[in-house]
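Numbering of the sequence shown is given in the numbering used here, commencing with residue 2 and proceeding in unit increments. Ideal Cβ positions, reconstructed from N, Cα and C, are used throughout, including at glycine. Predicted model only: the values in this text are computed from it and were never measured. Taking it in order: structure first as structure tokens, then the write-up.
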Amino acid sequence: MIEEAAMMLQAVAVQGAAAETGAGPFAAASAVPDDVLAQQRGGIRLPGGIDVSLSIDTVTALDGSVVLQTVTRIAEGAPVVAAYAPADGETVALPAQTGTSAGPQATPYSGPSLSYDRQNGFSITVQRPAPQIEPAAANGQTPAAIAGLHPVDLTEAVATPNGVIHSIVGERVGGVELQGADIRIMHLTGSALGSAILNTGSERAIDTRTTLSIELGNVGPDVLGSAMLRVEDVSLGIMRSRI
């Protein structure tokens, strides 16, 4: 009996192996290379065939002067990132926010914040209001560089008056980083959007703004009204979940 049972198990194992190695529905398919697959990602299509292109503009200023601006555009292909910074001997003031809002102001929301100083260590503030989000109507074009800033070549590390700027490429975290003597600023452009700042200096005012621009394609007058409501939900969801 034992020998017969062993023979039956062996036969089942052989049949299972043959089934696994046999021609399946995807046997003739070949894996898509990562570089090709990366070009197929990006972009959002809403119900009704409305194509949505996103542009995320993140600006960080120290004591009122811009030190880094990044613009990330997400359209049909992979995200395209551009970085800008002041040149040596130049100071670019942070522009005042202009009121382009065409709708009601979004309700503020609260979230925990983490701070650190040398004397008290880490501290968590739970009830501190998080940045307020306000939908705005503009011309839908990709945000331009702030006047006075110059493009930064992200294929190599570039020295600027406020530190060295270089790109960050990783499996989960991607973006642009400015590393100075006592500060590190990261503008996230990968699976997460927003910014992360590590500051060890004192008596310094840090201001970071993130603006989401949306461009609609294939939009007719018959679907424009409902499209604006969907776009507002998309923009608020992206900003609240990723920043």
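Residue burial classification, residue i (beta-carbon count within 10 angstroms, cutoff 16)
i    : result
P34  : exposed
T59  : buried
G65  : exposed
P96  : exposed
S56  : buried
P152 : exposed
S203 : exposed
S31  : exposed
S214 : buried
A131 : Bear in mind that the predicted position of A131 carries a pLDDT of just 49, short of 50, making it unreliable; the figure below should be weighed with that in mind. Looking at its Cβ environment, which holds fewer than 16 other Cβ atoms inside 10 Å, A131 is exposed.
Among the options, nearest to residue i - alpha-carbon criterion
i    : options               : result
G195 : G175, P96 and T92     : G175
R205 : A32, T61, G90 and S31 : T61
D276 : A193, D52 and A79     : The first residue shown for the chain is 2 and the last is 244, placing residue 276 beyond what the model contains.
Within 7 angstroms, strictly: CB atoms of residue i and residue j
i    : j    : result
R185 : L199 : yes
G149 : N163 : no
T190 : V72  : no
V177 : H188 : yes
V68  : I147 : no
T201 : D183 : yes
Proximal residues to residue i (C-beta, below 6 angstroms), its chain only, five neighbours per side dropped
i    : result
A158 : V165 and H167
A88  : H151
S54  : A76 and E216
A197 : M187
Nearest-angstrom Cβ-Cβ length linking residue i and residue j, presumed shorter than 8 angstroms
i    : j    : result
T212 : P144 : 6 angstroms
Y85  : Q98  : Not quite, the Cβ-Cβ distance comes to about 18 angstroms (not below 8 angstroms), so this is no contact.
CB contact below 7 angstroms: residue i versus chain C
i   : result
V68 : Absent from the structure: chain C. Only one protein chain is present.
Same chain, Cβ closer than 7 angstroms to residue i, neighbours up to 5 away in sequence not counted
i    : result
T156 : none
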